[in-house]
Amino acid sequence: MHLPVVDFTSPTAPQEFCKSLHDTGFGVLKNHPLNQDLVESIYAEWLAFFKTEAKHQYAHDPVKHDGYFSPSVSETAKNNTKKDLKEFFHIYPWGRYPAEVGNNAKAYYAQGAKLAATLLGWVEDNSPPEVKARYSMPLPQMIEGSDHTLLRVLHYPPLRGDEEPGAVRAAAHGDINLLTILPAATEPGLQVLGKDNAWFDVPCDFGLLIVNIGDMLQEASGHYYPSTVHRVLNPTGEGAKKSRISLPLFLHPRREVVLSERYTVESYFNERMEELRGKKY
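This is the structure:
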């Protein structure tokens with residue numbers, strides 16, 4: 107598998123980007139409009155926040171799913187039995203936000219959602235006619251006014267050496283949402299599963315933006331755009347002593363949006379939550 111790096115400013119960027127999404131489920135952009143100084147400041151201030159006890163004041167709400175998720179309640183990937191080695195904070199426009207950090211993450215949320223609408227427009231414009239005909243509405247409109255789009259600030263702590271055997275930073279999984287945008291993290295480790303069932307490193311140079319298709323867009327496009335399995339490997343050597351900060355923005359449509367003849371967003375989401383946790387949200 108080859109993941110080309112596409113220049114956002116190139117006249118052919120939409121076509122190149124969408125070809126990569128169709129072929130691999132992933133696209134990688136350079137020279138994109140997201141402010142890199144903003145990203146860097148978020149990485150720094152949130153790493154400092156995760157090192158404090160203040161994070162426990164924002165323990166996650168089991169119904170609304172905002173706030174801080176400790177390693178003890180971290181995610182377990184579908185078809186996996188071990189929790190990922192990570193902690194994270196869920197940021198929604200309506201949710202709680204730590205007083206201990208600045209508003210940079212809120213600014214990034216707005217920037218990221220605006221860029222995502224542009225990228226969804228590219229996806230729509232470059233879908234074959236028979237695929238475009240499947241969409242119940244223009245793709246950018248699916249996320250307009252959605253209060254479910256989620257910014258997750260992720261911290262993968264340094265490895266201590268006493269981790270549960272087989273536990274990894276992020277087990278192999280797909281994303282449930284429509285589209286995910288992710289600035290290159292502070293450390294490498296992200297891999298994507300190719301059609302040949304071999305794992306490939308995703309380019310991780312600082313300043314790059316990684317975009318991947320979620321299950322909902324796979325469903326809406328009749329699998330023309332694949333939701334590809336990916337994972338985050340445990341580092342070795344000196345890398346094991348370093349934290350890794352990551353900042354995925356998960357674009358979610360409004361719950362009433364029709365994805366396909368089989369699903370609305372709400373019915374699709376509830377089915378997945380039942381699979382993962384045995385109950386609806």
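Each residue of the sequence shown is one higher than the one before, starting from 107 at the first, in our numbering.
Beta carbons are placed, not taken as given, at the ideal position from N, Cα and C, and that holds for glycine.
As the structure is a computational prediction, the values presented were derived from the model and not from experiment.
- Shown here, GLU325 sits in a helix according to DSSP, grouped into three states.
- At a Cβ-Cβ threshold of 8 Å, GLY328 and VAL237 count as neighbours.
- Non-local beta-carbon contacts of VAL112 in its own chain, meaning distances under 6 Å to residues more than five positions away in sequence, involve ALA119, GLU122, PHE123, LEU135 in chain order.
- The C-alpha of ALA326 lies about 25 Å from the C-alpha of ALA216.
- Within the same chain, PHE195, VAL207, ALA211, VAL259, HIS261, ILE351 come within 8 Å of TRP152 by CB-CB distance, once the 5 residues on both sides are set aside.
- The three-state reading of DSSP puts VAL308 in coil, since its state is none of H, G, I, E or B.
- In the DSSP assignment, SER178 forms no beta bridge with any residue.
- For LEU296, the enclosing beta strand (DSSP E) stretches over residues 296-299.
- Segment contact: the segment 217-231 against the segment 168-182, fewer than three CB-CB distances shorter than 8 Å; contact not assigned.
- For PRO289, the beta-bridge partners assigned by DSSP are LEU315.
- In this structure, the CA atom of GLY251 is about 35 Å from the CA atom of LYS188.
- Distances from the alpha-carbon of PHE306 to those of GLY295, LEU314, GLY313 put GLY295 closest.
- Annotation: ARG360 to GLY131 spans about 22 Å, alpha carbon to alpha carbon.
- The criterion of a C-beta distance shorter than 8 Å is satisfied by PRO177 and LYS192.
- Looking at the backbone, the Cα of ASN376 and that of LEU382 are separated by about 10 Å.
- Non-local C-beta neighbours of GLN163 in its own chain, meaning closer than 6 Å and more than five positions away in sequence, are absent.
- Per the coordinates, the alpha-carbon of ASP268 lies some 34 Å from the alpha-carbon of MET107.
- The beta carbon of LEU144 lies closer than 8 Å to those of ASN210, ALA213, TYR214, GLN217 in the same chain, with the five residues before and after it left out.
- In its chain, beyond the 5 residues on either side, LYS188, LEU191 have a beta carbon closer than 6 Å to the beta carbon of ALA273.
- Considering only MET243, LYS348, LEU355, ALA304, the residue with the shortest C-alpha distance to SER366 is MET243.
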